[in-house]
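Colleague: Per my numbering, the very first residue in the sequence shown carries number 122; after that it's consecutive.
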Amino acid sequence: FEYGQSEEGRPMILTVITSPENWANIADLKGILAKLADPRQIRSDAEAKALVAQGKAVYWMVAAIHASERTSPEVLLRLSYKLASGEDAWTHSVLDNTIVVIENTVNPDGLDMVTDWYYQYKGTPYEGSSPPYYNHYINHDNNRDYLGLGAVESQQNAAIRSEWHPTMFHDLHEAMT
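What follows is the structure, encoded as structure tokens:
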């Protein structure tokens, strides 16, 4: 689903994959996560343990925070397909016990810019080069923008992550050579 738009108007999209039973109770499961995230709402250890037993872990994966990280979105697309179509015991176990949230790109503007640059210069001496800038508003350093939340993308990321309270957060950062 779309949870916002980038500075340049591209959709910011989340893919949420879980079992049909979990999806039918998603509002309740998100409520449990919100309670567990705020200790002021829990009166005892017993209540906390009961909530943990009722709830489901949210495993949040994110790709392409940097425009030049082009392979991690492909990996997450393949994983999304595997989880959505898998009929094996492992897939069912994952979906029964977990809510998987995939943020395929944190930086859709930059990812499109780098992709367009590549195809424009493919087959030329500049094929392996990078654009002179990645985004007109934050350049390449958008991961550090989470400190100040100046970019629209960072603000929307913070808001949606606060809504889901991920139990585990997996950032598929890449090292480009």
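Beta carbons: idealized from backbone N, C-alpha and C, even for Gly.
Quick one: give me the first and last residue of the beta strand (DSSP E) that L293 is part of.
Modeller: Unbroken beta strand (DSSP E) run through L293: M289 to L293.
Colleague: Use the C-beta contact count for E112: other C-beta atoms within 10 angstroms, 16 or more gives buried, fewer gives exposed.
Modeller: Residue 112 is absent from the structure shown; the chain starts at 122 and stops at 298.
Colleague: Please name the residue in H187, V235 and A279 whose C-alpha comes closest to that of E295.
Modeller: The shortest Cα separation from E295 among H187, V235 and A279 belongs to H187.
Colleague: Please tell me whether V222 and W144 are closer than 8 Å, where the distance is taken between their beta carbons.
Modeller: Cβ atoms of V222 and W144: not closer than 8 Å.
Colleague: Once DSSP output is grouped into helix, strand and coil, what is the label at I281?
Modeller: Residue state, collapsed to three classes: helix.
Colleague: Nearest-angstrom Cα distance between R282 and N218?
Modeller: Near 19 Å, if we compare the C-alpha coordinates of N218 and R282.
Colleague: Identify whether V137 lies in helix, strand or coil by the three-state DSSP scheme.
Modeller: Strand, per DSSP.
Colleague: Helix, strand or coil for V183? Go by DSSP, reduced to three states.
Modeller: In the structure shown, V183 sits in a strand (DSSP, three-state: E or B).
Colleague: Return the CA-CA distance between G130 and E224, expressed in angstroms with no decimal places.
Modeller: Answer to the nearest angstrom: the Cα atoms are 17 Å apart.
Colleague: Runs of 4 residues minimum, wholly inside the region 202-235: which ones carry the alpha helix (DSSP H) assignment?
Modeller: The region 202-235 contains these whole alpha helix (DSSP H) runs: 210-218.
Colleague: Which of helix, strand or coil does DSSP assign to E248?
Modeller: Three-state DSSP puts E248 in coil, outside helix and strand.
Colleague: Give me the Cα-Cα distance between T68 and L204, rounded to the nearest whole angstrom.
Modeller: The structure shown does not extend to residue 68, since the chain is modelled only from 122 through 298, so no value can be given for it.
Colleague: Please report the residue range of the alpha helix (DSSP H) in which Q175 lies.
Modeller: Its alpha helix (DSSP H) spans residues D166 to Q175.
Colleague: Measuring only the C-alpha atoms, how far is T288 from T136?
Modeller: Their backbone Cα atoms lie some 16 Å apart in a straight line.
Colleague: Taking 7 Å as the limit between beta carbons, can you name the residues of its chain near K156, skipping five residues before and five after?
Modeller: So the list reads Q162, I163 and L172, once near-sequence residues are dropped.
Colleague: Return the Cβ separation of E248 and S127 in integer angstroms, given the expectation that the two are a contact with Cβ distance under 8 Å.
Modeller: So it is not a contact: roughly 26 Å between Cβ atoms.
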